[in-house]
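Written out below as C-alpha cells is the structure these notes cover.
In the numbering used here, the protein residues as written are 1295 to 1821.
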C-alpha cells in the first residue's frame, strides 16, 4: 500500500499501517516551535484545543504533512510514524531447562563494545546472563554493575558478602539450601537486578539455580494465575538496625493483564489470615513448579565467574554446601533502567557502524547494475516503505545486500564464476544486532529468486542480465522438492516480498531518501 494512500477524516489520520488521532499528532509535532533541540517538549499538552481536528494531510518527499484546525502545520517522518504505530516489541524470550546458557568472557565484556551489547541484550531478553574467567578481586561485582549503570545501595551496603557467618540475620549467610526467590521483596521499590560474583568455591555443593518465573507463570491454569495476581502478600525483614515491609501480589500485571514482575520469597513472606484457601492452592502449585527439573537450570560458579538476574523475573537459589572448603560470593544490586539505557546507546552505535560502512564502501558498482550498492539498498528500503511493509521488513530491505560490503571478494567475483554467498555473510554479521524477522528474509532472499524462477514462468524474464548470471552461480531455479522446503519456512513470504523490492531497486538516477531517513526503522527493529 503506497504512502500516498493517506487520508484525513476529521480527527483521524489514516495511513497504510494504521491510524493516529489529531490530538496525539499535534502533541507530538517535531517542529522547533513544539520541541526543543534537546528533544524535550515545548508544547504543553494541556494547551491543545479541545475541539482540535485535522484540516488536511498529504504525503510529501517521504513525510506526512498534517495541517490542524488551529492553523499549525506539522511534518512527520513516515518511518517515525510507522515505528510508533507498530505493536511494541517485547524483547523477552521465555525459557526452561533446555536453554543454552548465555555466557560471555569477562575481559571481552569489560572492554565494552559488541560483547557488552550481547551480554546486556541477553539480560534484557532472557532475564539473566553469565560471565566467566574474571578476576577474584573483592569489589569486582560493583565494577561490572558500573559498566551499564549504578549500584543500588541497600541496608546490606553497596555490596554484600555471601558466606557462612555466626548468628546470621539472613539464611543466605548460612550453608543451607535456598529455594528459588526474589531478593528484597520487602523493599519498595524492589531492586530489579542482582549480580553475584564468585571469589572462592572449594566447598562441596553450592550449585546456583535459576528459573524463569515468567515461563512457569505462563503455564499456570488461568484461575491460579488470577488468584496470585489479585491478592497481595506481605513481605517483611527486620534486624537490629532495619525494619522493612511491603505488600504486593506474587504476580504483578499491568492494566492489560501482561505479567510485569514476580515477588516470591518464602523466607520473608507473611501471608495474611484473610487469604482464601484457593490462594494457598495456587501459591503451592506455583512454588512446586518453580523447582521442577523441566524448568530449573543448575550451574556452579568457578572463582572469577559472575551472573546477573532480573530480580523480578528470574528467581535464583542454590543447593546446600558443606562447611569443608570455602564458598565466598560478593553481590550487589542495580536497576534495569540503567541497563536498558546503556543497551540502547550501544544499539545506536551498531546502527552508526552499519551506516558508516555504507558510506565508506557502498559507492562501488553493484554487480554490473546501473546503480551502486548504496543506491540499490536505499531504493529497496524505499520500495518496502511505500508498500506499507513492517519496519522489520523495511530494515531487511535496506540491509539485504550488506554482505557485499563486508566480504573480501573482488567486485567482479560473479564474472569470475564465484558465488560470494553474500546472503550468508550478511546474515552472520547482522544476526548480532537483529532478530529473525530481519535476518531470515535476508538469508532467504537469494533462495526467493530461485523459488520465483521455479513457480512464476514470467519471473526470469524480469531479471537483469547480472541477476541471471548470479542465478546460475547460486544454483539455478529450484526443483519441486526445494520449492516445498522453501514454502515451509515461516519467513518465505517476507523473503519473496524482499526479493520483489530487490528486483525493482535498480533504477539509475532515482532520487531517494538518505540512510538517516531509515534510522527509525532500524532502531525499531534492532534487538
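We put the beta carbon where it would ideally sit given N, CA and C, even for glycine. It should be emphasised that the depicted structure is a prediction, and the values quoted were computed from it without experimental measurement.
- With the rule of 3 Cβ pairs closer than 8 Å, the stretch 1594 to 1605 counts as touching the stretch 1419 to 1430.
- By the beta-carbon neighbour count (other beta carbons within 10 angstroms, threshold 16), residue 1345 is exposed.
- When the beta-carbon positions are compared, residue 1786 and residue 1738 come within less than 8 Å of each other.
- Counted as a single uninterrupted DSSP element, the alpha helix (DSSP H) harbouring residue 1572 occupies residues 1571 to 1584.
- The DSSP assignment places complete beta strand (DSSP E) segments of no fewer than 3 residues inside the stretch 1336 to 1375 at 1348 to 1354, 1357 to 1362 and 1367 to 1371, in order along the chain.
- Under DSSP, the beta-bridge partners assigned to residue 1624 are 1455 and 1491.
- When Cβ pairs closer than 8 Å are counted between the two stretches, the stretch 1303 to 1319 is seen to touch the stretch 1341 to 1357, the count reaching three or more.
- When the five nearest sequence neighbours on each side are left out, the beta carbons in the same chain lying within less than 7 Å of the beta carbon of residue 1772 are those of 1744, 1745, 1748 and 1780, in order along the chain.
- Contact fails between the stretch 1521 to 1528 and the stretch 1493 to 1506, because fewer than three Cβ pairs, one in each stretch, are under 8 Å apart.
- Under the DSSP assignment, residue 1434 falls outside any beta strand (DSSP E), being part of the alpha helix (DSSP H) whose first and last residues are 1434 to 1439.
- DSSP places residue 1385 outside any beta strand (DSSP E), giving it a letter other than H or E.
- In this model, residue 1672 and residue 1742 are separated by some 20 Å (Cα to Cα).
- Here residue 1624 has 1432, 1433, 1434, 1435, 1453, 1454, 1455, 1456, 1490, 1491 and 1493 as same chain residues with Cβ atoms under 8 Å from its own Cβ, once five neighbours each way along the sequence are excluded.
- Residue 1478 is positioned such that its CB atom lies closer than 8 Å to that of residue 1484.
- A Cβ-Cβ separation of about 23 Å leaves residue 1509 out of contact with residue 1574 under the 8 Å criterion.
- In this chain, the beta strand (DSSP E) harbouring residue 1472 covers 1472 to 1475.
- The DSSP-derived three-state label of residue 1526 is strand.
- Apart from sequence neighbours up to five positions away, the residues of its chain that approach residue 1410 with a beta-carbon distance below 7 Å are 1403, 1441 and 1640, ordered along the chain.
- In this chain, residue 1613 is not harboured by any alpha helix (DSSP H), its DSSP state being neither H nor E.
- The beta carbon of residue 1579 sits closer than 6 Å to the beta carbons of 1518 from its chain, once the five residues preceding and following it are set aside; these are given in chain order.
- Judged by pairs of C-beta atoms under 8 Å, the stretch 1646 to 1662 does not touch the stretch 1786 to 1795, as fewer than three such pairs exist.
- Ranked by how close their Cα comes to the Cα of residue 1794, the residues 1495, 1600, 1691 and 1322 have 1691 in first place.
- If you draw a straight line from the Cα of residue 1408 to the Cα of residue 1696, it comes to about 18 Å.
- Among the bridge pairs identified by DSSP, residue 1692 is matched with none.
- Leaving aside the five residues that flank residue 1649 on each side, the residues in its chain whose CB is nearer than 7 Å to its CB run, in chain order, 1809.
- Within a 10 Å sphere around the beta-carbon of residue 1536 sit fewer than 16 other beta-carbons, which makes this residue exposed.
- DSSP places residue 1768 outside both helix and strand once states are collapsed to three, so it counts as coil.
- Only residues of its own chain outside the window of five on either side were considered, and among them 1538 have a CB closer than 6 Å to the CB of residue 1481, listed in chain order.
- Within the same chain, and ignoring the five residues on either side of residue 1636 in sequence, the residues whose Cβ sits closer than 6 Å to its Cβ are 1442.
- Ranking 1342, 1472 and 1326 by CA distance to the CA of residue 1316 puts 1342 first.
- Contact check for residue 1757 and residue 1765: beta-carbon distance about 7 Å, within the 8 Å limit, so the pair qualifies.
- DSSP places residue 1606 in the coil class of the three-state scheme, outside both helix and strand.
- Nearest in C-alpha terms to residue 1610, of all of 1551, 1488 and 1629, is 1488.
- Contact fails between the stretch 1555 to 1563 and the stretch 1357 to 1366, because fewer than three Cβ pairs, one in each stretch, are under 8 Å apart.
- The continuous stretches of beta strand (DSSP E) do not include residue 1736, which lies in the alpha helix (DSSP H) extending over residues 1730 to 1749.
- Contact annotation, residue 1319 with residue 1329: C-beta distance approximately 13 Å; criterion of less than 8 Å not satisfied.
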